[in-house]
Amino acid sequence: LVALVAHVVAAGGPAPAAGGPAPTGEAIIPAHSRGAEASTNATEFLFCNSRVHSYGAAWLAHASLPAKLPLFRNKRALEYATYHVHERGHRSIKASDDSFWVNHISSYEHSLRRIDPTGQRVGKMVDALASQHCLGNRTTPARPAPGPPTLLAIPFYGGAVRGGLEVNATTPDTGNAHSKASRETKLRTLQAVVCAGLEVASNALVGVCTRRDNDDVSALLAKTGGAARAVLLNCEAMPVFLPFKLLRLVQRTLKRRAGVLRDPTFQPLPWLASLEFDFVLYDESDQILVFESPSARDEAFAVLAARPDHVLMPQRYSKKWGQPPTTVSRASLTREGNRCNPAKPRLRKTAEGWVVAGDVVPCTRFPERGASTC
Numbered sequence: 001l002v003a004l005v006a007h008v009v010a011a012g013g014p015a016p017a018a019g020g021p022a023p024t025g026e027a028i029i030p031a032h033s034r035g036a037e038a039s040t041n042a043t044e045f046l047f048c049n050s051r052v053h054s055y056g057a058a059w060l061a062h063a064s065l066p067a068k069l070p071l072f073r074n075k076r077a078l079e080y081a082t083y084h085v086h087e088r089g090h091r092s093i094k095a096s097d098d099s100f101w102v103n104h105i106s107s108y109e110h111s112l113r114r115i116d117p118t119g120q121r122v123g124k125m126v127d128a129l130a131s132q133h134c135l136g137n138r139t140t141p142a143r144p145a146p147g148p149p150t151l152l153a154i155p156f157y158g159g160a161v162r163g164g165l166e167v168n169a170t171t172p173d174t175g176n177a178h179s180k181a182s183r184e185t186k187l188r189t190l191q192a193v194v195c196a197g198l199e200v201a202s203n204a205l206v207g208v209c210t211r212r213d214n215d216d217v218s219a220l221l222a223k224t225g226g227a228a229r230a231v232l233l234n235c236e237a238m239p240v241f242l243p244f245k246l247l248r249l250v251q252r253t254l255k256r257r258a259g260v261l262r263d264p265t266f267q268p269l270p271w272l273a274s275l276e277f278d279f280v281l282y283d284e285s286d287q288i289l290v291f292e293s294p295s296a297r298d299e300a301f302a303v304l305a306a307r308p309d310h311v312l313m314p315q316r317y318s319k320k321w322g323q324p325p326t327t328v329s330r331a332s333l334t335r336e337g338n339r340c341n342p343a344k345p346r347l348r349k350t351a352e353g354w355v356v357a358g359d360v361v362p363c364t365r366f367p368e369r370g371a372s373t374c
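Per my numbering, the sequence shown starts with residue 1, numbered consecutively.
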């Protein structure tokens, strides 16, 4: 693994299995480089009835929401790790501005395949992102002021993908995953994603399907000083199911804590069960999470604390092939097609709290199809 952070002197040794003692080693330290507050005006949050328009391949929710939702079902499309909370939750919301967004790194890789088959440009972009979000030569994280305790869940698969939905019995089923990035690039990307995520979350759990991934990711996460761990799940032949297995583990842990788990065979992950977290943040391993400022982050948590049955989706941005690879600011990226209608009703912060501005269109739910217009 190519190191993207400076080394610090610490006790070495391999990272322990999830649930063991806190690992030691290099420090992966999230950077606090957001600067001054973006605005004195509170962010408003739009209601998004369409799962397509709300989609950002990531979401933030109060922990009580996944705890009460039905368990995630195995699907052969990665989008259902987001569609499930959209369709089964009460409302999906998205900031009316760009206060919460993600940089979809793989989209840049896809647009460069013909002109950069070796992946050098993608590698430069990943290096720039890691330099921005990971700081070395420190022993404690340089994070923003702590927010509410939050668990970040990330599925990671370092193997080759089939490139589509066609099933081939000789290779693991990766569903509709289609990244052609090298294993090294995927691991370096994960490092940047974890750093960015730990600017928001207290802890991170990375789900993997293979022993090789478990070893490499555990070594990588040892640099977080115990804030993040890997968990090896039973999905080596079906990595397509990894996001759902990881999220079911989080759900069962939360349901067990709430006393509503009906599965007596569930074996909790000790490290995860020991954590106290009030929110769950889900992200894919190729997306950098960004809150524009500490106040933007605080408003996101505040609206979900006031509306714990809602789920917050980020705006989704990506770099196109003509942009310099080391330019990673939002101004150099292009927003992808997930856009909520600004004419829709919204949640607005007032002296009385978060209130609905505008007429809300009633939801139509189809539980037998697992579908909803909410």
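From the three backbone atoms N, C-alpha and C, an ideal C-beta is built for every residue, glycine too. None of these values were measured; they are calculated from a predicted model.
Helix, strand or coil for residue i? Go by DSSP, reduced to three states.
i	result
Pro325	coil
Lys349	strand
Leu65	helix
Asn103	strand
Leu78	coil
Val231	strand
Pro155	strand
Lys320	coil
Gln267	coil
Ala357	strand
Tyr282	strand
Ser50	coil
Cys340	coil
Pro141	Note that Pro141 has pLDDT 42, beneath the 50 cutoff, so the model's placement of it is unreliable and no number is given.
His310	strand
Ser179	coil
Gly207	strand
Arg335	strand
Thr189	helix
Ala58	strand
Arg91	strand
Arg34	At Arg34 the pLDDT is 38, less than 50, meaning the model places this residue with poor confidence; the figure from the coordinates comes in the next sentence. Of the three classes helix, strand and coil, the one that applies to Arg34 here is coil, per DSSP.
Thr224	helix
Report yes if the C-beta distance between residue i and residue j is below 8 angstroms; otherwise report no.
i	j	result
Arg188	Val126	yes
Leu151	Ala201	yes
Ile404	Gln287	Nothing can be reported for residue 404: it is not among the residues displayed for the chain, which extend from 1 to 374.
Leu453	Leu233	There is simply no residue 453 to check, as the chain begins at 1 and stops at 374 in what is shown.
Leu46	Ser96	yes
Leu60	Leu347	no
Ala305	His90	no
Leu333	Gly175	no
Arg256	Phe266	yes
Ser293	Asn103	no
Pro314	Ala67	no
Val328	Gln132	yes
Ile154	Asp263	no
Leu242	Cys209	yes
Phe277	Pro149	yes
Which term fits residue i, buried or exposed, when burial requires 16 or more other beta carbons within 10 angstroms of its beta carbon?
i	result
Gly35	Low confidence applies to Gly35: its pLDDT is 36, below 50, so where it sits in the model is not reliable enough to give any reading.
Asp352	The sequence shown places Glu at residue 352, rather than the Asp named in the question. Its Cβ having fewer than 16 others within 10 Å, Glu352 is exposed.
Thr185	buried
Pro21	Unreliable positioning characterises Pro21 in this predicted model, as indicated by a pLDDT of 38, which lies under 50. The coordinate reading is nonetheless provided below. That one is exposed.
Glu87	buried
Ala248	Before going on, a small fix: residue 248 reads as Arg here, not Ala. The residue in question, Arg248, is buried, as its Cβ has 16 or more Cβ neighbours within 10 Å.
Asn203	buried
Leu71	exposed
Ala331	exposed
Ala222	buried
Glu109	buried
Gly358	exposed
Thr326	exposed
Ala273	exposed
Val250	buried
Thr82	buried
Gly322	exposed
Pro342	exposed
Considering Cα atoms alone, identify which of the options is closest to residue i.
i	options	result
Thr253	His53, Trp59 and Ser64	Ser64
Pro239	Ala192, Gly207, Asp263 and Gln191	Gly207
Tyr55	Ala357, Cys340 and Pro345	Cys340
Glu199	Lys349, Asp298, Thr327 and Ser274	Asp298
Val193	Val290, Leu272 and Arg73	Val290
Phe279	Thr210, Asp309, Ala196 and Gln267	Asp309
Val303	Tyr80, Val356, Asp213 and Asp216	Val356
Ala177	Asp215, Ser318 and Tyr80	Tyr80
Arg121	Asp173, Ala181, His133 and Pro149	Ala181
Thr43	His84, Ser50, Thr224 and Ser295	Ser295
Ser218	Gly158, Ser179 and Ala273	Gly158
Ala237	Asp215, Asp216, Arg211 and Gly225	Arg211
If you follow the alpha helix (DSSP H) that residue i is part of, which residue opens it and which one closes it?
i	result
Asn214	Arg211 to Leu221
Val161	Segment: none, Val161 is in no alpha helix (DSSP H) and carries neither H nor E.
Arg256	Leu242 to Ala258
Leu129	Gln120 to His133
Give a yes or no on whether the minimum CB-CB distance between residue i and chain C is below 8 angstroms.
i	result
Arg262	Given the protein chain composition of this structure (a single chain), no chain C is represented.
For residue i, is the beta carbon positioned less than 7 angstroms from some heavy atom of the ligand SAH?
i	result
Trp101	No copy of the ligand SAH occurs in the structure displayed, which carries no ligand at all.
Can you give me the start and stop residues for the beta strand (DSSP E) that residue i sits inside?
i	result
Leu289	Gln287 to Phe291
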